[in-house]
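Numbering-wise, full-length UniProt numbering puts 369 at position 369 of the sequence shown, and it's gapless, one number per residue.
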Amino acid sequence: MELDAQYSLSPVWRNLFTLVRGRGLFPHSIPLLFGLFYYLLGLASLHCTHQPVGFTTIWIPSGVTFFVVLFGGYRWMIGPLVGMSLLVIHLQLPLPAAAGAVLGALFEALLPVMLLRALNFNPKLNQIRDVMLFITVAVVMGPLFSATLGTLGLSYSDVPHTIGLVDIWLLWWLGNSLGCLIIAGLLLTQATSGERPVTPGCRLFVLSLLAGVALTSMLSVMQMSAGEPTLLLFALVPLIVFAATFCGRQGATLLAFGATLASMLTRCYVPPDLYATHMVGLYSLDVALIWVASFTGLVVASAYSEHGVCARYERLAQHDGLTSLFNRVTFQQRLTRALESARRDGRFQVHALMFIDLDDFKQINDRFGHLVGDQVLRRIARLLVSQVRGRDTVARIGGDEFVILLENCSAETARQMAERIAQAVRGLQLPTEVGVCQVTASIGVTPIGAGTSSVEEALAAADRAHYRAKRSGKNRVHDFIMDAAPDEG
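Below, the structure is given as structure tokens:
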């Protein structure tokens with residue numbers, strides 16, 4: 001099964017992976033061309049090696065291979081096979097070392113992709129679960145295979161090395177792990193984010209941070225090349241976290257890539273003898289810090305993404321989908337709290353409840369259509385919100401039925417607000433192709449005080465008041481507050 005069909009990819013990548021599945025010579029030659037691309041990326045990575053040891057700061061092909069195999073399918077595995085074979089021939093490695101490098105490159109991508117597919121991994125990296133799967137399986141476990149097989153191959157060959165096999169294994173794993181984390185992370189976030197492009201303001205913010213990250217990384221390497229210990233690179237962590245917070249996973253991965261690229265370019269100008277002096281310690285610290293900062297950025301971005309999803313679900317659970325007003329459940333919760341406060345207050349009226357029903361709304365739907373009917377409901381919702389105070393609660397509890405909880409509202413104020421709303425509804429006109437749609441409403445108002453025993457009683461009283469208004473000719477207000485108010489004398 002091809003995984004990319006399950007997710008929203010950018011058009012460029014989707015077209016590429018679709019092309020490879022076609023028939024003919026050219027589609028089948030694309031994975032072979034990827035093998036040549038793998039070889040060129042390997043040469044570029046080797047250009048910035050830990051001289052004189054010969055291990056890269058970041059192994060770029062590992063991240064690219066994981067990405068294309070994950071989305072394109074196992075046919076792309078021919079890429080690392082061809083590319084790494086060309087590299088070991090170019091480096092003239094003995095057979096054991098060459099075999100270990102080639103097998104490591106194959107297993108580094110194949111096994112993590114198989115496991116992640118089995119675990120229903122989502123490559124969008126917008127949930128903490130998927131970020132942790134990506135880190136654990138692709139970034140940590142995958143390079144374990146390549147580092148272990150490669151080091152075993154070196155141990156059975158006569159390739160000279162100036163550091164121990166354990167250090168070789170650590171450097172091999174770190175370079176491949178960083179390559180998968182930075183390159184695959186960047187490709188995954190960019191390729192799966194086509195539906196939510198980065199805004200211009202966010203892009204400017206990321207570019208500003210990117211300049212700061214690149215400068216920080218370069219200055220850090222330059223200070224270390226002068227033999228001076230530096231804590232400057234620790235600034236990468238808050239910078240990448242800022243990008244993750246305000247621009248999401250795209251910003252975090254882009255900054256991590258910028259830091260890595262700046263570090264690689266700066267290393268080309270570091271004297272080789274300094275690597276021999278500070279190989280595993282000082283000069284691996286900056287790579288490890290970039291790794292930690294990138295991981296932290298992805299986790300922060302996914303946490304913010306999950307929080308946003310939860311907030312959207314919470315809003316959907318509390319609001320009406322058509323009008324964005326509160327729904328019946330949320331309104332009843334607020335009305336319950338209002339009843340409790342009214343009982344504590346002890347007065348006949350503390351709050352007021354208004355029930356609004358549109359007159360002859362079914363005829364509006366029949367004559368003008370349901371689309372116009374929905375527009376009317378949305379216009380009414382906006383009108384009601386504009387007519388009440390900030391502390392009042394407006395909700396839609398039925399098809400054309402609305403309720404308003406007027407907290408700490410006197411009888412006179414409630415009556416005036418109801419009359420004002422009825423007048424505003426009468427003035428609402430919606431031009432359509434078949435004529436102008438005009439709306440009226442019947443409104444009932446009832447008090448909420450110490451004698452109101454339940455939510456059901458309050459809603460039933462407001463409902464009866466609105467029916468009184470309808471029976472009196474519609475397009476008017478009936479006020480139970482004035483009817484039921486006790487004599488002051």
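Just so it is clear, CB atoms sit at the ideal spot from N, CA and C, and this is done for glycine as well.
Quantities reported herein were computed from a predicted structural model and do not represent experimental measurements.
Worksheet item: Using a Cβ-Cβ cut-off of 6 Å (strictly less than) and excluding sequence neighbours within five positions of residue 173, which residues of its own chain qualify?
Response: 143, 147
Fill in: Delimiting residues of the alpha helix (DSSP H) encompassing residue 443
No alpha helix (DSSP H) contains residue 443, which is instead part of the beta strand (DSSP E) from 441-448.
Worksheet entry | Whole-Å CB distance - residue 165 paired with residue 155, under 8 Å assumed | 6 Å
Worksheet entry | Where residue 127 falls: helix, strand or coil (DSSP) | coil
Worksheet item: Which stretch, first to last residue, makes up the beta strand (DSSP E) that contains residue 402?
Response: 401-406
Discussion item. Quick check for students: name the residue ranges of the alpha helix (DSSP H) that lie wholly in the stretch 117-192, counting only runs of 4 or more.
Written reply: 128-133, 142-155, 165-179, 185-191
Discussion item. Is the beta carbon of residue 186 closer than 8 Å to that of residue 257?
Written reply: yes
Discussion item. Short of 6 Å in beta carbon distance, which residues of its chain neighbour residue 98, apart from the five on each side in sequence? Order them along the chain.
Written reply: 88
Item to complete: Report yes or no: do the stretch 387-399 and the stretch 324-332 share at least 3 C-beta pairs separated by less than 8 Å?
Response: yes
Item to complete: Look up residue 435 in the DSSP assignment and say whether it is helix, strand or coil.
Response: strand
Worksheet entry | For residue 134 and residue 115, the rounded distance between their alpha carbons | 10 Å
Worksheet entry | Cα-Cα separation, residue 333 to residue 123 | 39 Å
Fill in: Through-space distance from residue 36 to residue 79, alpha-carbon basis
7 Å
Fill in: N- and C-terminal bounds of the beta strand (DSSP E) containing residue 415
Here residue 415 belongs to no beta strand (DSSP E); instead the alpha helix (DSSP H) covers 411-426.
Discussion item. Do residue 392 and residue 405 have their beta-carbon atoms positioned less than 8 Å apart in this structure?
Written reply: yes
Item to complete: Measure the C-alpha to C-alpha separation of residue 152 and residue 255 and round it to an integer number of angstroms.
Response: 35 Å
Worksheet item: In or out: residue 310 buried (at least 16 other Cβ within 10 Å) or exposed?
Response: exposed
Worksheet item: How would you call residue 26, buried or exposed, if buried means at least 16 neighbouring beta carbons within 10 angstroms?
Response: exposed
Worksheet item: Around the C-beta of residue 435, are 16 or more other C-beta atoms found within 10 angstroms, so that it is buried, or is it exposed?
Response: exposed
Item to complete: Under the assumption that residue 84 contacts residue 102 (Cβ atoms under 8 Å), give the Cβ distance between them as a whole number of angstroms.
Response: 5 Å
Practice prompt. Flag this pair as yes or no: are the beta carbons of residue 444 and residue 463 separated by less than 8 Å?
Written response: yes
Worksheet item: If you run the structure through DSSP and keep just helix, strand and coil, what is residue 391?
Response: coil
Worksheet item: Can you give the Cα-Cα distance for residue 17 and residue 62, rounded to whole angstroms?
Response: 19 Å
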